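Heads up: the sequence lines are chains H and E, in that order. Counting from 1, position 83 in the first sequence corresponds to residue 83 in my numbering; the numbering is continuous, with no gaps. If you want my numbering, it's the position in the second sequence, counting the first as 1, plus 111.
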Amino acid sequence: GDSVTQMEGPVTLSEEAFLTINCTYTATGYPSLFWYVQYPGEGLQLLLKATKADDKGSNKGFEATYRKETTSFHLEKGSVQVSDSAVYFCALRNNAGKSTFGDGTTLTVKP
Amino acid sequence: DAGVIQSPRHEVTEMGQEVTLRCKPISGHDYLFWYRQTMMRGLELLIYFNNNVPIDDSGMPEDRFSAKMPNASFSTLKIQPSEPRDSAVYFCASSLAAGGGTNQPQHFGDGTRLSIL
Numbered sequence: 001g002d003s004v005t006q007m008e009g010p011v012t013l014s015e016e017a018f019l020t021i022n023c024t025y026t027a028t029g030y031p032s033l034f035w036y037v038q039y040p041g042e043g044l045q046l047l048l049k050a051t052k053a054d055d056k057g058s059n060k061g062f063e064a065t066y067r068k069e070t071t072s073f074h075l076e077k078g079s080v081q082v083s084d085s086a087v088y089f090c091a092l093r094n095n096a097g098k099s100t101f102g103d104g105t106t107l108t109v110k111p
Numbered sequence: 112d113a114g115v116i117q118s119p120r121h122e123v124t125e126m127g128q129e130v131t132l133r134c135k136p137i138s139g140h141d142y143l144f145w146y147r148q149t150m151m152r153g154l155e156l157l158i159y160f161n162n163n164v165p166i167d168d169s170g171m172p173e174d175r176f177s178a179k180m181p182n183a184s185f186s187t188l189k190i191q192p193s194e195p196r197d198s199a200v201y202f203c204a205s206s207l208a209a210g211g212g213t214n215q216p217q218h219f220g221d222g223t224r225l226s227i228l
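This is the structure:
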């Protein structure tokens with residue numbers, strides 16, 4: 001079946017540091033890929049998405065590129081802020097409409 | 112626009128009681144998902160529906176769990192009888208099915224925090 005593997009956390013960074021959260025996937029066919037963010041006490045929110053190979057999703061300074069050759073979708077941000085502290089989930093959605101999520105990575109940004 | 116609405120936001124009940132969680136998806140969305148989130152097991156997909164029909168319920172833990180979607184604007188997840196190990200945050204999410212259904216993100220509700228004593 002489909003699977004998503006995320007870099008284990010927690011991740012602690014200083015403000016303005018560079019962020020990378022690794023994500024690799026296993027799926028048949030051509031899934032769509034997503035990053036979601038979850039703040040305390042809330043549901044997951046879409047951060048960005050990419051629907052085909054070499055697509056780059058971007059939002060709020062975050063970026064991720066759909067790499068089919070390495071089955072990866074790593075999340076990056078050039079300069080993190082305290083307000084970026086949250087849990088980040090990598091996910092895929094297959095041709096049957098079913099979604100598979102990674103275990104989540106907790107990011108803490110210190111001032 | 113209203114998002115996915117879940118009720119109740121919090122539920123505390125005693126072991127053995129029946130628990131019913133409710134979800135109203137975003138109007139026009141074709142897919143509805145139920146998830147459970149715990150520290151130990153992370154985010155688990157329990158069941159999902161397409162056009163009110165259950166497509167995959169392989170994530171439902173056991174027969175004590177059941178889910179229904181009687182119409183496009185309402186779904187329930189029921190636990191009977193409840194046990195302490197069912198304590199978790201339960202999320203409902205919905206999505207569109209345009210363009211083959213795979214490239215649409217899910218929209219999550221704020222969840223129901225369930226505690227079974």
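Cβ coordinates follow ideal geometry from the N, Cα and C atoms, glycine included. Quantities reported herein were computed from a predicted structural model and do not represent experimental measurements.
In the DSSP output, which residue or residues are listed as bridge partners for residue i?
| i | result |
| --- | --- |
| E/His-121 | E/Arg-224 |
| E/Lys-135 | E/Ile-116 |
| H/Thr-100 | H/Leu-92 |
How many Å lie between residue i and residue j at the Cα?
| i | j | result |
| --- | --- | --- |
| E/Ile-166 | H/Ser-14 | 44 angstroms |
| E/Gly-212 | H/Asn-95 | With a pLDDT of 48 at E/Gly-212, under the threshold of 50, the modelled position of that residue is not reliable, and no figure is offered here. |
| E/Gln-217 | E/Leu-207 | 8 angstroms |
| E/Ala-113 | H/Gln-45 | 14 angstroms |
| E/Arg-120 | H/Arg-67 | 39 angstroms |
| E/Leu-188 | H/Val-11 | 34 angstroms |
| H/Thr-5 | H/Phe-34 | 13 angstroms |
| E/Ser-198 | E/Ile-227 | 6 angstroms |
| E/Leu-225 | E/Gly-153 | 15 angstroms |
| H/Ala-86 | E/Glu-173 | 32 angstroms |
| E/Glu-129 | H/Tyr-88 | 33 angstroms |
| E/Met-126 | E/Ile-190 | 11 angstroms |
| H/Leu-75 | H/Asp-84 | 13 angstroms |
Output, in chain order, the set of chain H residues within a Cβ distance shorter than 7 angstroms of residue i.
| i | result |
| --- | --- |
| E/Leu-139 | Note on residue identity: the sequence assigns Gly, not Leu, to residue 139 of chain E. Within chain H, no residue comes near E/Gly-139; the closest Cβ sits about 16 angstroms away, beyond 7 angstroms. |
| E/Leu-157 | Here the premise fails: no neighbours, minimum Cβ distance about 12 angstroms. |
| E/Ala-208 | Gly-97 |
| E/Asp-167 | Lys-98 |
| E/Gln-217 | Ser-99 |
Any Cβ of chain E within less than 9 angstroms of the Cβ of residue i?
| i | result |
| --- | --- |
| H/Thr-100 | yes |
| H/Ser-32 | yes |
| H/Glu-42 | yes |
| H/Tyr-36 | yes |
| H/Met-7 | no |
Could you name the residues of chain H that residue i contacts, counting a contact when the two beta carbons are closer than 9 angstroms?
| i | result |
| --- | --- |
| E/Leu-188 | In chain order: nothing, as chain H lies at least about 15 angstroms away. |
| E/Asn-162 | Chain H residues near E/Asn-162: none, gap ~11 angstroms exceeds 9 angstroms. |
For a contact meaning CB atoms closer than 8 angstroms, what does residue i contact in chain H?
| i | result |
| --- | --- |
| E/Asn-214 | Ser-32, Lys-49, Thr-51 and Arg-93 |
| E/Tyr-142 | Gly-97 |
| E/Phe-176 | Neighbours of E/Phe-176 on chain H: none; closest Cβ ~18 angstroms, over 8 angstroms. |
Who are the neighbours of residue i on chain E, taking C-beta pairs under 7 angstroms?
| i | result |
| --- | --- |
| H/Asp-103 | Gly-153 |
List, in chain order, every chain E residue whose beta-carbon is nearer than 8 angstroms to that of residue i.
| i | result |
| --- | --- |
| H/Phe-89 | Leu-154 |
Could you confirm whether any beta carbon from chain H is found closer than 9 angstroms to the beta carbon of residue i?
| i | result |
| --- | --- |
| E/Ile-116 | no |
| E/Ala-183 | no |
| E/Ala-199 | no |
| E/Gly-127 | no |
| E/Ala-204 | yes |
If we cut at 9 angstroms on Cβ distances, does residue i have a partner in chain B?
| i | result |
| --- | --- |
| H/Gln-45 | In summary, chain B is missing from the structure at hand, where the protein chains are H and E. |
Touching by the beta-carbon criterion (3+ pairs, under 8 angstroms), the stretch 157 to 174 of chain E and the stretch 83 to 101 of chain H:
Yes, they touch.
Take every Cβ of the stretch 197 to 205 of chain E, pair it with every Cβ of the stretch 126 to 137 of chain E, and state whether three or more of those distances are shorter than 8 angstroms.
In the pairwise beta carbon analysis, the stretch 197 to 205 of chain E is classified as touching the stretch 126 to 137 of chain E: at least three pairs are separated by under 8 angstroms.
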